[in-house]
Amino acid sequence: MKTNTPPVRASLQFYNSLTRHKAPFHSENGRQVRMYTCGPTVYNFAHIGNFRAYMFEDVLRRTLRFAGYDVLQVMNLTDVDDKTIRGSLQAGVPLKTFTQPFIDAFFADLRSLNIEPAEFYPAATDHVPEMIALIQRLFANGLAYQSEDGSVYFKVSAWPSYGKLAHLDLSGLRAGARVAQDEYEKESVGDFALWKAWDEQDGDVAWDSPWGRGRPGWHIECSAMGMKYLGETFDLHTGGIDNLFPHHENELAQSEGATGKPFVHVWMHCAHLRVNGEKMSKSLGNFFTLRDLLARGYAGRELRYVLLNGHYRQPLNFTFDAVEAARTSLARIDEFVDRLRETAASTPADPELPGWVAEIQRQFCAALSDDLNVPEAMAALFALVREGNSAMQNGSLRPSEAAATLAQVTDMDGVLGLISFGRRDARAMPADVAALLEARGAARQAKNWAESDRLRDEMARLGWEVRDGKDGQKVKKL
RNA sequence: GGCGCGAUGGCCGAGCGGUUAGGCAGAGGUCUGCAAAACCUCGUACAGCGGUUCGACUCCGCUUCGCGCCUCCA
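Residue numbers (my numbering): 802 to 1279.
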């Protein structure tokens, strides 16, 4: 069915970390948008702070699709670095054996949050040849050198635009507060590793390269894999704000240093998640993985709601109160959708939307188009809920209009991903509950309210809620 | 020290130079046998002090408090 989505495509605008301004978004390839999103380092279970970033990227992706674009998204899996190597050594298993369960867990977590899958999830260990090739190009351009220990570094001093993303200047870097003492083999403290020579702590994790055995640096993996799947120049690159420096700055320098072309048009960064107003940390006891929260009985969609409902460039405060509020809010939305369905029955949707629905839809689009203002988009959704309920209550919403409204809600949910996901199935009523329902109906007919209430309580004890409306009893699985 | 961000009613959380954000919680009401749901009404919120302005939560400055990055943490 064709929905009445206004053309937001022309009006999308995003804040670009590179320019520090909002600007209208244009893809390089017309209909297709190519985006690279920094993925997890798979040495552990991801925590909810990580998922705030992945949620932001999900909204971005869904908004682009909503606006009519085809999205080609890459999310890398960092499966070789200090932490993964350390973990595998401690566990006494090969690297891949160590990381695989965390990769599986990561995908399971994405599913429980209804985060749409990316098109590609390349693993670093599968792309070492591409990284080596890229480093060779940097050598050819005079931007890389090998130190005495065999490691290869990027020569920041040879790349004048270094610092343009993080807006840092090199003199500041040199005076940096944290200068590692063991970095003497670098020519300059600002230089970063492209290739790390093997040392004992790497165990058997090593690849052959023109510079001897070793392993790739962290930054080079994103450059190599981004280019492999998206080309040497692409539209969007996202990540958490803490990736901005040094990771993204380094990636940018490497990539443009190798190709001589612009690497990414728009860089977008998501602010941190806080928990009860504090930074999440193990010592504060407020460090939660997604699994921790699911185990506490919170549903994925409730957590999705919480993670979604803030502007991505603003720190978001995670509280358990907020999850409780999300639960109630979702119940209201669910209630509304059910009611629309009942009102619509199987009536075909009006081709014309009721005026007030069209207006709300317009606001919804405008909010998202303006640098992904999800809270405002949510406000529009709730305006629809309120006015829709009101119209259904006074009987002024015709079934065909209800059907059209439902189609709009479904359309909006393409971005929000809240409605058609994660609701407990309305399982078939067990025979005992059905019997109670029937008995209650009879009691009600006889105006035996005491018996009616008793049966309602009994059903509640079995996990079924019953409500009385104009057209009889309605049952819902709790 | 450098670069940057924030302080909104009980909680979460948008926003704008002058007109309601929204959600949750709370109070009252309508409906209902009751309950639930739904709808209606209700909060003199914009850290403090100055300034600009006819008018500032919204711009500027200062102060206080909090936060992020400054070599591998989303």
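Built from N, CA and C at the ideal position, the CB exists for glycine as well.
Given a cut-off of 7 Å, decide if residue j and residue i are closer than it, judged by their beta-carbon atoms.
| i | j | result |
| --- | --- | --- |
| residue 992 | residue 954 | yes |
| residue 1074 | residue 1117 | yes |
| residue 828 | residue 933 | no |
| residue 1267 | residue 1257 | yes |
| residue 1197 | residue 1148 | no |
| residue 1207 | residue 1146 | no |
| residue 943 | residue 925 | no |
| residue 1018 | residue 998 | no |
| residue 862 | residue 917 | yes |
| residue 907 | residue 961 | no |
| residue 1113 | residue 1173 | yes |
| residue 995 | residue 1049 | no |
| residue 1142 | residue 1059 | no |
| residue 1103 | residue 1123 | no |
| residue 1038 | residue 837 | yes |
| residue 1252 | residue 1244 | yes |
| residue 846 | residue 1199 | no |
| residue 1022 | residue 1062 | no |
| residue 1024 | residue 1052 | yes |
| residue 1164 | residue 1192 | no |
| residue 1222 | residue 915 | yes |
| residue 853 | residue 1085 | no |
On the DSSP bridge list, what partners appear for residue i?
| i | result |
| --- | --- |
| residue 1274 | 1269 |
| residue 1249 | The partner list for residue 1249 (beta bridge, DSSP) is empty, contrary to what the question assumes. |
| residue 1125 | Paired residue(s): none; residue 1125 is not in a bridge. |
| residue 1071 | 1041 |
| residue 1052 | BP columns for residue 1052 are empty, so no partner. |
| residue 1079 | 1076 |
| residue 1117 | 1074 |
| residue 842 | 879 |
| residue 856 | The partner list for residue 856 (beta bridge, DSSP) is empty, contrary to what the question assumes. |
| residue 1298 | Outside the displayed range of the chain (802 to 1279) lies residue 1298, so it cannot be described from this structure. |
| residue 953 | 947, 996 |
Let me know the secondary structure DSSP gives residue i once reduced to three states.
| i | result |
| --- | --- |
| residue 1157 | helix |
| residue 937 | helix |
| residue 984 | Since pLDDT at residue 984 reaches only 45, below the 50 mark, its modelled position is unreliable, and the value read off the structure follows with that caveat. In the structure shown, residue 984 sits in coil (DSSP, three-state: anything other than H, G, I, E or B). |
| residue 821 | coil |
| residue 1034 | coil |
| residue 1064 | coil |
| residue 815 | strand |
| residue 1015 | strand |
| residue 864 | helix |
| residue 1106 | helix |
| residue 1222 | coil |
| residue 917 | coil |
| residue 905 | helix |
| residue 976 | In this prediction, residue 976 scores a pLDDT of 39, lower than 50, which makes its location untrustworthy; the coordinate-derived value is nonetheless stated afterwards. Coil. |
| residue 1150 | coil |
| residue 966 | coil |
| residue 848 | strand |
| residue 992 | coil |
| residue 1097 | coil |
| residue 997 | strand |
| residue 872 | strand |
| residue 802 | In this predicted model, residue 802 has a pLDDT of only 38, less than 50, meaning its place in the structure is not dependable; the value taken from the coordinates is given anyway. Three-state DSSP puts residue 802 in coil, outside helix and strand. |
| residue 1006 | coil |
| residue 1089 | coil |
| residue 1132 | helix |
| residue 1260 | helix |
| residue 1175 | helix |
| residue 1229 | coil |
Below 8 Å on the Cβ atoms is my contact criterion, and I expect residue i with residue j to pass it. Report the Cβ-Cβ distance as a whole number of Å.
| i | j | result |
| --- | --- | --- |
| residue 1070 | residue 1045 | 5 Å |
| residue 1175 | residue 1230 | About 37 Å separates the two Cβ atoms, so there is no contact after all. |
| residue 1081 | residue 831 | Between residue 831 and residue 1081 the Cβ distance is about 41 Å, and since that is not below 8 Å, they are no contact. |
| residue 1158 | residue 1194 | Between residue 1194 and residue 1158 the Cβ distance is about 16 Å, and since that is not below 8 Å, they are no contact. |
| residue 872 | residue 866 | 6 Å |
| residue 848 | residue 1088 | 6 Å |
With a threshold of 6 Å, establish whether the CB of residue i neighbours any heavy atom of the ligand HEM.
| i | result |
| --- | --- |
| residue 993 | In the structure shown, the ligand HEM is absent, as is every other ligand, since no ligand is present at all. |
Fill in: At least three beta-carbon pairs within less than 8 Å, the region 811-819 to the region 894-902
no
Worksheet item: Taking three-plus beta-carbon pairs below 8 Å as touching, is the region 938-952 in contact with the region 1027-1034?
Response: no
Worksheet item: Given 8 Å as the limit, is there contact between the region 1036-1043 and the region 1005-1021, that is, 3 or more CB pairs closer than that?
Response: no
Worksheet item: Would you say the region 871-889 touches the region 1137-1152, given that touching needs at least three Cβ pairs under 8 Å?
Response: no
Practice prompt. Take every Cβ of the region 871-881, pair it with every Cβ of the region 1234-1245, and state whether three or more of those distances are shorter than 8 Å.
Written response: no
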